[in-house]
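Notes for the one structure printed next.
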Amino acid sequence: MSLTSQTVQFGDLPLSKFVRRLTFLSAMGVFLDGYNLSIIAAALLFIKPLFHPTSVQLGFIGSAAVLGMLVGALVFGNLTDRFGRRTMYLFDLLFFIVFAILSALSQNIWELIIFRFLLGIGLGADYPISSTLTAEFAPTKRRGLLLVFTIGAWPAGATVAYLVSLALLHTGPNAWRFMLGSGAVIALLVMWARRAIPESPRWLAASGHQDRALDVATRIAKDSGVMLDPDQPELAPVGLRRLASFKQLFSPALIRMTLFVSLGWFLFDIGSYGTSTFLPTILKDIKGTSTTDSLLASTGVWLLTLIVMFGVAALVEVFGRKWFQTWGFVALAIVFFLMGIISHIPFTAFVILYLLWAIANEIPGTLTYVFAGELFPTSVRASGHGFATASSRFGAFLGTLVFPIIIAAVGLGTGFVIFAILNLLGALVTAWLAPEPKGRALPQEVMQS
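Residues 15 to 463 in our numbering are what the sequence shown spells out, letter by letter.
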């Protein structure tokens, strides 16, 4: 590719093939999360008659992986700030590969729960790592779009999971084992493809390796057909040699954004994961449809969510993040309220409500992830995203653990009304605490204690 005489800042580079490839490989980690959480939802249709779990055990089967994600996001997010993005990016999926296979070989409920928890550690680790790398390589004006596409891989993974489940539906009593083990093949291919991704120039600069940072940035610029400006304030050395700590996230400079991204994402995931994990079970057991019809309806819900993601991607740089997320929470609360007060309606009408849920759910579901990748400075960016991810997965754990207990105790409608209230709180948190990062360069400077 011939170079133009134009010189640019690193954050203003054109969108190159390399950044597209990086975004795709990062998105595949999120894809595996959507695949994993949805494949267990389908597998539960076979696991319930085999192991006869109680409502509490059913909640733990659904929530074990998200509890593991909480641990993985906290631990590996911090390690990624300490030791670099690339190493963790290459090997975090090993947890998924090993324990997806072991989950498929489980002989009882508690083995399944333990292996699902350990599998979740790898998935949770990938959230802060992939988001951070994508944000740090993305051009400023395309950053929101690329982060939307990254998290938008979740419904793609969910859709594929349900299609795979339909394909495996009639393979016999071990169909659930094939379902749970299938994700390991995808994860192995992704891990192999990631080996060519270099270290983040922003992390290298923040860690005192400016020469290496400029070398990587220059190669990316060459791939884009432009020349890098010799003066790069975004890649200037900042004298950081102190190891990142979670204490920094609660300093006066960062506590507001830490509370915002963590609390907003936590409130969203309680209802989102509680609803999505048990979608096929609700449609089959409560609405009385067949296994095939419940899986087909679930596939339709996530396919619509995937389509909506492209709309969010098109609008995120138009409306900005704060306005979009606030009203997305409000819309989701309205849909949950409707699902709660008319939950007794027939199967077809209920599926239509679920489709409305899919549309509303995608807006805060996407933007909570985008915010977490944009707001923190380089020194604690992965730690900040890891803490927010862990908070969200604690919410997901509560949602998947408690929702079946609520259904058994007071009914499906009450559970949906509770989710409506939580999403209204999410709208208030966003309106009160959220900044607007649209069009702004990523914060590079190190917060001083």
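Ideal placement from N, C-alpha and C gives every residue a C-beta, glycine not left out.
- With a contact defined as Cβ atoms closer than 8 Å, Gly429 and Phe411 miss out at about 16 Å.
- Secondary structure in the stretch 361-424: the alpha helix (DSSP H) runs of 4 residues or longer, each lying completely within the stretch, are 361-388, 395-424 in chain order.
- Taking Arg209 as the centre and dropping the five residues before and after it, the same chain places the C-beta of Leu104 closer than 7 Å to its C-beta, in chain order.
- Residue pairing of Val22 in beta bridges, as defined by DSSP: Leu242.
- For Leu202, the closest C-alpha among the options Glu388, Pro169, Leu39, Thr414 is that of Leu39.
- DSSP, read as helix, strand or coil, puts Gln121 in coil.
- Trp190 sits away from Phe74, with the two beta carbons spaced by 9 Å or more.
- Membership of Glu331 in the alpha helix (DSSP H) is indicated by the continuous run 305-333.
- Cα atoms of Gly285 and Arg226: separation of roughly 44 Å, rounded to the nearest angstrom.
- Within the same chain, and ignoring the five residues on either side of Phe113 in sequence, the residues whose Cβ sits closer than 6 Å to its Cβ are Phe129, Leu132, Leu133.
- A residue is called buried once 16 or more other Cβ atoms fall within 10 Å of its Cβ, and Trp446, having fewer, is exposed.
- Spatial neighbours of Asp47 in its own chain (CB-CB distance under 7 Å, excluding positions within 5 residues in sequence) are listed in chain order as Leu137, Trp168, Gly171.
- Shown here, Arg130 sits in a helix according to DSSP, grouped into three states.
- Along the length of the stretch 15-93, whole alpha helix (DSSP H) runs at least 4 residues long occupy 31-65, reported in chain order.
- Using a 10 angstroms sphere on the CB of Phe333, the tally of other CB atoms stays under 16, which defines it as exposed.
- Between Ala198 and Phe90, the gap from beta carbon to beta carbon reaches 9 Å or more.
- Residues of the same chain with a CB within less than 8 Å of the CB of Glu213, apart from the 5 flanking positions on each side, are Gly98, Arg99, Arg100, Arg226, Val230 in chain order.
- Exclusion of the five residues before and after Gly398 leaves Leu263, Phe390 as the residues of its chain whose Cβ lies within less than 6 Å of its Cβ.
- Assignment of Arg454 by DSSP, reduced to helix, strand and coil, places it in the coil class.
- For Val85, the closest of Tyr49, Met42, Tyr141 by C-alpha to C-alpha distance is Tyr141.
- Here the alpha carbon of Trp371 sits roughly 13 Å from the alpha carbon of Gly288.
- For a cut-off of 8 Å, the C-beta gap from Leu293 to Val315 is around 7 Å, short enough to register as a contact.
- Only residues of its own chain outside the window of five on either side were considered, and among them Val275, Ser276, Trp279, Ala386 have a CB closer than 6 Å to the CB of Ala402, listed in chain order.
- With contacts defined by Cβ atoms closer than 9 Å, Ile53 and Gly76 do not form a contacting pair.
- Nearest to Leu381 by alpha-carbon distance, out of Leu228, Asp95, Ala448, Leu318, is Ala448.
- If you draw a straight line from the Cα of Pro63 to the Cα of Tyr368, it is about 25 Å long.
- Distances from the CA of Leu320 to each of Ala441, Leu310, Ile377 were compared; the closest alpha carbon is that of Ile377.
- DSSP places Leu263 in no alpha helix (DSSP H); its state is neither H nor E.
- Ala56 is positioned such that its CB atom lies no closer than 9 Å to that of Glu388.
- Taking 9 Å as the cut-off, the beta carbon of Leu242 is found closer than this to the beta carbon of Thr21.
- No beta strand (DSSP E) of 3 residues or more sits fully in the stretch 132-201.
- Here Leu119 is exposed. Its C-beta has fewer than 16 other C-beta atoms within 10 Å.
- Across the set Ile373, Asp95, Thr444, Val431, the C-alpha of Ile373 shows the shortest separation from the C-alpha of Gly325.
- Between Asp307 and Phe361, the gap from beta carbon to beta carbon is short of 9 Å.
- Nearest C-alpha to Val174 among Ser312, Thr303, Glu331: Ser312.
- Distance from the CA atom of Glu450 to the CA atom of Met102, rounded to whole angstroms, is 29 Å.
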